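In UniProt numbering, the protein residues as written are 1 to 714.
Glycine is no exception: its CB is placed at the ideal position from the N, C-alpha and C atoms.
All figures in this text were calculated on a predicted structure; none of them were measured in a lab.
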Ligand SMILES: [Zn+2]
């Protein structure tokens with residue numbers, strides 16, 4: 001009691017200042033002490049009072065393993081008086097870091113954190129090679145597309161590296177444009193020896209090899225229609241879907257089979273969009289695409305970069321939907337997203353065209369195994385996410401409702417617990433003890449950052465995120481730093497700055513792309529981004545930002561009175577359309593959308609997960625690896641390394657047929673493995689849980705597997 005009395009009295013007495021500790025005290029630290037983060041450049045500390053900027057000294061020492069410690073250089077600046085920001089000169093490499101901050105001749109902060117080591121892609125025995133074109137063609141995005149599609153065995157090389165690269169073990173190559181003479185000659189010889197090539201907008205010698213002639217350049221917009229009558233188009237969407245970016249008008253030679261048609265121009269004239277040609281007598285094939293598939297996937301997902309920063313719909317602020325909205329008052333143009341196609345995941349179907357082509361070309365050789373999108377055999381999931389605008393008990397009731405809806409003994413890694421994220425305002429009524437309790441059972445809470453519904457600059461957005469992360473840490477000191485975000489009013493002032501700024505705060509899951517407004521989207525559910533899959537953002541210069549774009553597909557104000565539209569989304573994920581997806585949601589507790597969605601999720605058996613859970617899943621899946629592929633006459637062997645965080649729920653898919661044989665048996669380290677079969681996008685696959693070890697997949701011409709996976713003679 002006495003000490004409290006003294007402290008309280010000192011300011012009143014206005015004397016004995018020597019007893020008061022004048023040091024500023026930390027109120028928020030990023031990255032949090034003892035935390036583990038992905039690579040970043042930002043280190044930030046907020047104090048309880050202003051500091052003299054010129055006196056601040058930050059030292060950062062890194063240490064990795066047994067190597068000698070190293071110092072990190074960077075610049076220090078003090079923001080808004082109370083906050084020190086240290087920006088490292090380069091992205092911090094995986095290591096343990098020790099930060100100390102001195103000012104006014106005193107040590108003010110001293111903490112440690114770890115930048116996690118990202119497992120390197122094991123390229124040994126990788127069957128797919130991506131030969132890089134110009135980054136401005138967004139060629140780097142092929143790696144993101146293959147990862148999303150569950151391929152892990154791929155490597156990349158520049159066009160100049162290709163000349164010297166050992167092609168042993170490479171079964172499929174993706175290349176954009178043309179190579180130099182020696183590169184083209186090498187590729188031709190490789191195809192004649194049985195290699196399979198996907199040539200994207202080929203010219204010159206590669207166009208000759210593909211059996212097409214490039215006639216003219218098409219001004220980047222139009223549709224393509226897949227021939228779904230037979231492989232590789234079988235199982236994909238049959239209506240014409242959009243492409244964006246670059247395309248060429250092709251003519252196909254007689255020996256090139258056209259399996260997709262490009263439809264472009266005001267007269268809707270047609271030309272081949274995708275062709276396939278057999279080359280030589282050793283099973284080599286060349287597929288040609290008349291459009292830039294990687295760029296089309298990025299632009300379909302992220303919108304028209306030419307419209308970045310424009311308030312096209314006349315409803316401030318600038319939002320993600322403005323990147324798709326055509327009918328601007330000052331610049332009327334067709335919608336970038338044809339809203340009649342918004343019920344089709346156009347970007348996903350475009351990626352699956354590439355997947356089906358890759359698997360189809362391998363039908364006379366080694367099948368390429370890959371991973372299913374979600375845990376186990378889930379075809380749909382709901383990313384439950386609320387924006388709590390300062391309600392008294394909205395978040396608590398929401399979490400409680402979900403916990404009550406969870407079966408006893410549910411398992412987070414298997415997505416059997418109903419969980420959610422809530423992004424909250426500072427004046428939300430969620431108590432600290434409740435927040436800690438819900439965090440301990442798997443709920444995810446973070447700040448609902450706001451720019452007061454206004455357009456932002458990089459700096460103002462950065463300041464807003466910094467301030468809200470600080471507030472959140474002060475209010476809930478024991479909670480982990482958030483890894484997801486949805487900005488209030490979903491203000492999105494350009495093309496990718498928000499994702500870049502989020503990344504600098506270790507926020508790697510963005511839910512700002514939002515299926516809205518209702519009238520524009522004709523009151524239908526669907527995919528504004530053309531996708532049901534979280535995938536990383538791409539800058540227009542080709543750099544991939546390590547932040548997942550997760551659309552908010554199901555917005556409460558749009559669908560609260562239109563539940564049949566929600567069910568349609570589920571029906572198409574489970575039905576013959578195969579429009580699988582992790583569907584983002586938005587709740588703000590102004591209506592009864594949350595209980596209605598929980599009811600529908602039960603009806604359709606759709607898991608309800610938090611944003612953090614889906615990010616964890618994407619991390620675990622992308623850190624899992626199928627490597628060392630070996631193809632014998634009848635047997636495929638490969639090594640499996642499944643990340644521990646997959647919790648045994650990662651499913652591997654292997655095509656059931658190859659070279660007129662049928663998959664007969666699967667073993668792991670010599671022990672038989674049970675498998676299921678399913679048709680996914682027109683292709684029969686065997687599906688089984690991914691466990692560590694060496695798999696052996698035996699194909700047999702006289703046996704076939706039935707639906708339960710047991711083997712029976714034909
Ligand atoms: Zn909001």
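Check: Whose CB is closer than 7 Å to a heavy atom of ligand 1? List the residues in chain order.; Outcome: 387, 389, 448, 450, 488, 489, 588
Check: Pick helix, strand or coil for residue 70, following the three-state DSSP scheme.; Outcome: strand
Check: Quick check on residue 207 - is its C-beta less than 8 Å from some C-beta in chain B?; Outcome: You won't find chain B in this structure, because it holds only one protein chain.
Check: Which parts of the region 415-441 are runs of the beta strand (DSSP E), unbroken and 3 residues or longer, counting only runs that do not cross its ends?; Outcome: 421-424
Check: Between which residues of its own chain and residue 465 is the CB-CB distance below 6 Å, once the five residues before and five after are set aside?; Outcome: 449, 505
Check: Taking just the CA atoms, how far does residue 100 sit from residue 6?; Outcome: At residue 6, the pLDDT of 36 sits below 50, so the modelled position is not reliable; the number obtained from the coordinates is stated separately. In a straight line, the C-alpha of residue 6 is about 31 Å away from that of residue 100.
Check: Tell me the start and end of each unbroken beta strand (DSSP E) in the region 101-168 that is at least 3 residues and wholly inside, in chain order.; Outcome: 106-115, 128-132, 154-158
Check: Is it a yes or a no for the region 378-390 touching the region 324-342, going by three-plus beta-carbon pairs under 8 Å?; Outcome: no
Check: Could you give the DSSP three-state label for residue 560: helix, strand or coil?; Outcome: coil
Check: Thinking C-alpha only, which one of 609, 207, 410 is nearest residue 279?; Outcome: 207
Check: Decide if the region 179-194 is in contact with the region 643-652; the criterion is three or more beta carbon pairs, one per stretch, under 8 Å apart.; Outcome: no
Check: Taking only three categories from DSSP, how would you classify residue 708?; Outcome: Unreliable placement is indicated for residue 708, whose pLDDT of 42 sits below 50; no coordinate value is reported for it.
Check: How should residue 552 be labelled, buried or exposed, when 16 other C-beta atoms within 10 angstroms of its C-beta is the threshold for buried?; Outcome: buried
Check: Go ahead and pull the three-state DSSP assignment for residue 691.; Outcome: coil
Check: Using the Cβ count rule (16 or more neighbours within 10 Å means buried), how would you classify residue 49?; Outcome: exposed
Check: Going by the DSSP bridge assignment, what does residue 248 pair with across the sheet?; Outcome: 217
Check: Go through its chain and collect everything with a Cβ distance to residue 112's Cβ below 8 Å, but skip five positions before and after it.; Outcome: 33, 34, 96, 97, 98, 99
Check: Please report the distance separating the alpha-carbon of residue 301 from that of residue 52.; Outcome: 45 Å
Check: Is residue 586 helix, strand or coil by DSSP?; Outcome: strand
Check: Suppose you measure from the CA of residue 560 to the CA of residue 134; what does that come to, to the nearest Å?; Outcome: 45 Å
Check: Determine the extent of the beta strand (DSSP E) in which residue 639 is found, giving its start and end residues.; Outcome: 635-641
Check: In the DSSP assignment, what residue or residues form a beta bridge with residue 654?; Outcome: 686
Check: Identify, in the order they occur along the chain, each residue of the same chain with its Cβ nearer than 7 Å to the Cβ of residue 587, setting aside the five sequence neighbours on each side.; Outcome: 386, 398, 556, 593, 594
Check: Is the number of C-beta pairs between the region 260-268 and the region 218-235 that are closer than 8 Å three or more?; Outcome: yes
Check: Beta-carbon within less than 7 Å of residue 392's beta-carbon, same chain only, minus the 5 sequence neighbours each way: which residues are those?; Outcome: 429
Check: Measuring straight from C-alpha to C-alpha, what distance separates residue 590 and residue 494?; Outcome: 30 Å
Check: What are the start and end residues of each continuous beta strand (DSSP E) run of 3 or more residues lying completely inside the region 432-509, in chain order?; Outcome: 444-447
Check: Run through the DSSP bridge pairs and tell me what residue 661 is partnered with.; Outcome: 658
Check: What did DSSP end up calling residue 254 once you bin it into helix, strand or coil?; Outcome: coil
Check: Please go through the same chain and pick out, in chain order, the residues whose beta-carbon is closer than 6 Å to the beta-carbon of residue 540, but skip the five residues on each side of it.; Outcome: 305
Check: Taking the alpha-carbon of residue 87 as reference, which of 64, 569, 572, 60 has the nearest alpha-carbon?; Outcome: 60
Check: Starting from residue 23, follow the alpha helix (DSSP H) in both directions and report where the run begins and ends.; Outcome: That residue, residue 23, is in no alpha helix (DSSP H); it is neither H nor E in DSSP.
Check: For residue 75, which of 85, 606, 535 has the nearest alpha-carbon?; Outcome: 85
Check: Could you pull the start and end residues of the beta strand (DSSP E) that residue 387 belongs to?; Outcome: 385-388
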